[in-house]
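The structure under discussion appears below in the form of structure tokens.
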Amino acid sequence: MVPAASLPDLDPFTLLFLAVQGLYALSLGLVFFFLLLPVNRAAAPPMGCEPSDADCPPIVLFYPVLRELEATMRTTFLSLSNLRYPADRYCVTAIPNANDLETVASLRRLALEFPFLRIVEVPPTSDPGWNAVWSAWDACPHAYWWHRGRRAGNRDLPPKKTRQLVYAFYTLAAERAGGEDFLVNYIDADSCPPSDHFMAAAEGMRHFDVLQAQNIAGNLNGGMAAALHAFDHMAWDGFVYPHLSADGAHPYWVLGKGLFFRGSDLVELGGFHPWITIEDPEVGMRFWTHGRRLGVIENPLIEEVPSTFAHGVTQRKRWICGFLQSLGRPLADMGMTWRQRMRARLNVLPCLSLVTNTFGLPIGAWTLFAWLDGRGTQPGWSVWLAVLNLSLFAILMSALYRSTWRRSALVLASRRARVLYLLRVNPLVLLGWWLFWTVPIAIGTWMFIRDHGLVWERTVKIDANHSLVRSAVVQPAVLRLGAPADPPLHANVNDQSDAGRPGLAL
């Protein structure tokens, strides 16, 4: 322990070194804090031990879409057609905006091919069909955005995914009022669930109140941008996020796709907050505040990550804006104590502190090597902080790469492809990638300050998982982690002109 009086005697570089390494130690320590939390897992029952049809709860899968390629939606519906669940116990409901004429036309064509598909067109909020929403929020004190604040009673909901979910859910809840409770599931336009997705929900909801399936990118070897975007999901969705379940002890977020709620809980707790850029963090924390426990389904959805860095920035800036919006006034409005609010805000720090890796790691390594070579100017005691950080980083990255190697087998057919992926996301490349994260962090923070992000800037989807998901028989993500799998077929069975259409950026 160095006396405080001696700190002014240190040279400016040493003070900077201590500040950077101290911050880096805190950011690494926070990740280890999360990793030490327990994981509450939910899984489908083994084949042959599945519940009877009568014991399978009704499930409604909402599919919010905006100007999506027909090929992308067809790929998703092909994966949904393989769901193992009684056909009369679930429905798939696409929810485009009524004025999104091209998407509505595509969905009507797809409904001829996939008879399980139902289409609900979302009208403007001036339509009388929205009265079910206003009435439900009037009666629900947990819909705090409707009862207090500068947007209280504002019916002009922003045009984004959350508005579509709000209309579809409350319309359905009104139709089914007084009937059997049902589970609500929703996915993104490109999400392809495994065949046991609903069975895992039926089993998991016996033990938990909210279920979240993990995600994995199917196009993770689709170029450097896709590889790095996919690694974000490997690091968060597949590595750290499951620990937020934590036996109910820690405020959790949901991931915005592949999650399950009880319809009765959504009605009781107010549904989805329409005035936040992304609904995922706020709704999860609101459910946690009111005692709903989270279970994590390990068998993941296949999704498509952006294939360009520009599209990745569009997606990530919205994440940052939504995170910051959720962690302010809403925490008090939903009923969290001061201590709970502080703990909830820890969830965003691993993302905001990514840039500390870029400075903390090389500064620590350079200082250690200089000291070992006899050229170091820092006091010997301070070098141990660098040693600690380098050791923690090595342990953390070893565990993360091991997890990534194991999970990549779900979507990559060969060991060679998996090795190529790990080479693409090597630590040197990641240092640059974490520095690049300052761009969406800065833009997202500015959006938060300016109260932007209320219009849906959709992430461009190009049907990148076309070959993987449309394989004639094998779908790797249907298999559990660690299970043997034959390599996927890569036959392109889609119409070439449709598959090749470029994505549309809004």
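When you line the sequence shown up against this note's numbering, it's residues 1 to 506, in that order. C-beta: ideal position from N, C-alpha, C; glycine also.
| task | Would you mind sorting Phe13 into buried or exposed? The rule is 16 or more other CB atoms within 10 Å of its CB. | result | Reading the sequence shown from its first residue, position 13 is the one you call residue 13. Classified as exposed, Phe13 has fewer than 16 neighbouring CB atoms from the shown chains inside 10 Å of its CB.
| query | Does the beta-carbon of Gly482 have 16 or more other beta-carbons within 10 angstroms, so that it is buried, or is it exposed? | reply | On the sequence shown, residue 482 is found 482 positions in, with the first residue counted as 1. Here Gly482 scores only 37 on pLDDT, less than 50, and its place in the model is too uncertain to base an answer on.
| If you count every other CB in all the chains shown that lies within 10 Å of the CB of Ile449, and 16 or more means buried, which is it? | What you label residue 449 is simply residue 449 of the sequence shown in a count that begins at 1. Exposed: under 16 other Cβ atoms inside 10 Å.
| request: With a floor of 3 residues, list each beta strand (DSSP E) that falls wholly inside the segment 111-190, ordered by position along the chain. | output: For the segment 111-190, whole beta strand (DSSP E) runs of length 3 or above, ordered along the chain, are 117-119 and 183-186.
| Beta carbon of Asp196, beta carbon of Ala44: below 9 Å? | On the sequence shown, residue 196 is found 196 positions in, with the first residue counted as 1. On the sequence shown, residue 44 is found 44 positions in, with the first residue counted as 1. Closer than 9 Å, so yes.
| Chain-order list of residues whose beta-carbon lies under 6 Å from that of Gly248 (same chain, five-residue window excluded) | Along the sequence shown, one-based indexing puts residue 248 at 248. So the list reads Arg293, once near-sequence residues are dropped.
| Nearest-angstrom beta carbon gap, Glu282 and Ala326 [assumed within contact, 8 Å] | To locate residue 326, count along the sequence shown from 1; it is residue 326. To locate residue 282, count along the sequence shown from 1; it is residue 282. Going by the sequence as given, residue 326 is Ser instead of Ala. Between Ser326 and Glu282 a beta carbon distance of about 4 Å is seen, short of the 8 Å cut, so the two are scored as contacting.
| If you drop the 5 nearest sequence neighbours on each side, which residues of the same chain put their C-beta closer than 7 Å to that of Tyr401? | Sequence index remark: in the sequence shown, residue 401 carries index 401 (1-based). Within the same chain, Cβ atoms closer than 7 Å to the Cβ of Tyr401 are found at Leu422, the five residues on either side in sequence being excluded.
| Under the rule that 16 or more other beta-carbon atoms within 10 Å means buried, what is Pro242, buried or exposed? | Within the sequence shown, the letter at position 242 stands for residue 242. So Pro242 counts as buried.
| query | Between Phe260 and Val184, which are expected to be in contact by the criterion C-beta below 8 Å, what is the C-beta distance as a whole number of angstroms? | reply | Taking the first residue of the sequence shown as 1, we reach residue 260 at position 260. Taking the first residue of the sequence shown as 1, we reach residue 184 at position 184. Contact between Phe260 and Val184 holds, with the beta-carbon distance rounding to 7 Å and staying under 8 Å.
| task | Could you please give the first and the last residue of the uninterrupted alpha helix (DSSP H) stretch that includes Arg262? | result | On the sequence shown, position 262 is the one that residue 262 refers to. For Arg262, there is no enclosing alpha helix (DSSP H); the residue is found in the beta strand (DSSP E) stretching over Leu259 to Arg262.
| Buried or exposed: where does Ala472 fall if 16 or more other Cβ atoms within 10 Å of its Cβ makes it buried? | Walking along the sequence shown from the start, residue 472 turns up at place 472. With a pLDDT of only 34 at Ala472, under 50, the local geometry of the prediction cannot be trusted, and the value read off the model is given with reservation. Counting other Cβ atoms within 10 Å of its Cβ, Ala472 stays below 16 and is therefore classed as exposed.
| said: Just to confirm, is the Cβ distance from Ala213 to Val296 under 9 Å? | reply: The residue labelled residue 213 in the question sits at position 213 within the sequence shown. The residue labelled residue 296 in the question sits at position 296 within the sequence shown. Yes. Within cutoff.
| field | Straight-line Cα distance separating Ile187 from Phe169 | value | Here residue 169 refers to the residue found at position 169 of the sequence shown. Here residue 187 refers to the residue found at position 187 of the sequence shown. A direct Cα-to-Cα measurement between Phe169 and Ile187 gives close to 14 Å.
| field | Buried versus exposed call for Ser408 [16 or more other C-beta atoms within 10 Å across all chains shown] | value | The count along the sequence shown starts at 1 and reaches residue 408 at position 408. Around the beta carbon of Ser408, 16 or more other beta carbons sit within 10 angstroms, so the residue counts as buried.
| query | In chain order, what residues of the same chain lie with their CB nearer than 8 Å to the CB of Asp280, ignoring the 5 residues before and after it? | reply | For the purposes of this step, residue 280 is taken as the residue at position 280 of the sequence shown. These residues qualify, in order along the chain: Trp253, Val254, Leu255, Gly256 and Gly322.
| query | For His207 versus Ala394, is the C-beta spacing smaller than 9 Å? | reply | Reading the sequence shown from its first residue, position 207 is the one you call residue 207. Reading the sequence shown from its first residue, position 394 is the one you call residue 394. Not closer than 9 Å, so no.
| So what's Leu481 in DSSP terms, helix, strand or just coil? | Residue mapping note: residue 481 aligns to position 481 of the sequence shown, counting from 1. At Leu481, the pLDDT of 39 sits below 50, so the modelled position is not reliable; the number obtained from the coordinates is stated separately. Residue state, collapsed to three classes: coil.
| message | Relative to the C-alpha of Val210, which candidate in Tyr167, Ser191, Arg262 and Met199 has its C-alpha closest? | response | In the sequence shown, counting from the first residue as 1, residue 210 sits at position 210. Measuring from the Cα of Val210, the nearest candidate turns out to be Arg262.
| said: Quick check on Gly335: does DSSP put it in helix, strand or coil? | reply: Within the sequence shown, numbered from 1, the residue matching residue 335 stands at position 335. If DSSP states are grouped into helix, strand and coil, Gly335 belongs with coil.
| query | Under the three-state reduction of DSSP, which class applies to Pro64: helix, strand or coil? | reply | On the sequence shown, residue 64 is found 64 positions in, with the first residue counted as 1. DSSP places Pro64 in the strand class (E or B) of the three-state scheme.
| query | DSSP on Arg450, reduced to helix/strand/coil? | reply | Walking along the sequence shown from the start, residue 450 turns up at place 450. Judged by DSSP in its simplified three-state form, Arg450 adopts coil rather than helix or strand.
| field | C-alpha gap between Val305 and Thr125, whole angstroms | value | Stepping through the sequence shown from its first residue, residue 305 is reached at position 305. Stepping through the sequence shown from its first residue, residue 125 is reached at position 125. Using only the alpha carbons, I get a separation of about 31 Å.
| request: Under the assumption that Thr103 contacts Glu68 (Cβ atoms under 8 Å), give the Cβ distance between them as a whole number of angstroms. | output: As a position in the sequence shown, residue 103 is number 103, starting the count at 1. As a position in the sequence shown, residue 68 is number 68, starting the count at 1. Between Thr103 and Glu68 the beta-carbon gap is near 6 Å, inside 8 Å, which marks them as a contact.
| task | Under the assumption that Thr314 contacts Glu457 (Cβ atoms under 8 Å), give the Cβ distance between them as a whole number of angstroms. | result | Here residue 314 refers to the residue found at position 314 when the sequence shown is read from its first residue. Here residue 457 refers to the residue found at position 457 when the sequence shown is read from its first residue. With a beta-carbon spacing of about 6 Å, Thr314 and Glu457 fall inside the 8 Å limit used to define contacts.
| Span separating the alpha-carbon of Gly178 from that of Arg118 | The count along the sequence shown starts at 1 and reaches residue 178 at position 178. The count along the sequence shown starts at 1 and reaches residue 118 at position 118. Pairing Gly178 with Arg118, the inter-Cα distance amounts to about 22 Å.
| So is Gly222 buried or exposed if we call it buried at 16+ other beta carbons inside 10 Å? | Position 222 of the sequence shown, counted from the first residue, corresponds to residue 222. Flag for Gly222 reads buried.
| Strand pairing of Gln212, partner residues [DSSP] | Taking the first residue of the sequence shown as position 1, residue 212 is located at position 212. Looking at the DSSP output, Gln212 sits in a beta bridge with Leu259 and Val296.
| task | Kindly indicate which three-state DSSP category Leu301 falls into: helix, strand or coil? | result | Here residue 301 refers to the residue found at position 301 of the sequence shown. It is a strand residue.
| query | Mind checking whether Asp373 and Tyr144 have CB atoms under 9 Å apart? | reply | If you number the sequence shown from 1, residue 373 lands on position 373. If you number the sequence shown from 1, residue 144 lands on position 144. No Cβ-Cβ contact shorter than 9 Å links Asp373 with Tyr144.
| alpha helix (DSSP H) runs contained entirely in the segment 360-407, provided each spans 4 or more residues | Within the segment 360-407, no complete alpha helix (DSSP H) run reaches 4 residues.
| said: Comparing C-alpha positions only, which one of Val65, Arg84, Phe17 and Cys192 sits nearest to Arg163? | reply: Indexing the sequence shown from 1 puts residue 163 at position 163. With distances taken between Cα atoms, Arg163 lies closest to Val65.
| task | Since I believe Tyr24 is in contact with Asn389 (beta carbons under 8 Å), could you give me their beta-carbon distance rounded to a whole number of angstroms? | result | Locating residue 389 in the sequence shown gives position 389, counting from the first residue. Locating residue 24 in the sequence shown gives position 24, counting from the first residue. About 5 Å separates the CB atoms of Asn389 and Tyr24; that is less than 8 Å, so the two are in contact.
| Taking C-alpha atoms, which residue in Val429, His466, Leu396 and Ala442 lies nearest to Leu36? | For the purposes of this step, residue 36 is taken as residue 36 along the sequence shown, with counting starting at 1. Nearest option by C-alpha distance: Leu396.
| query | Which residues bound the beta strand (DSSP E) around Ile95? | reply | Locating residue 95 in the sequence shown gives position 95, counting from the first residue. Per DSSP, the continuous beta strand (DSSP E) segment holding Ile95 begins and ends at Tyr90 to Ile95.
| Taking DSSP as the reference, what is the three-state secondary structure of Cys192? | Start at 1 with the first residue of the sequence shown, and residue 192 comes out as number 192. Of the three classes helix, strand and coil, the one that applies to Cys192 here is strand, per DSSP.
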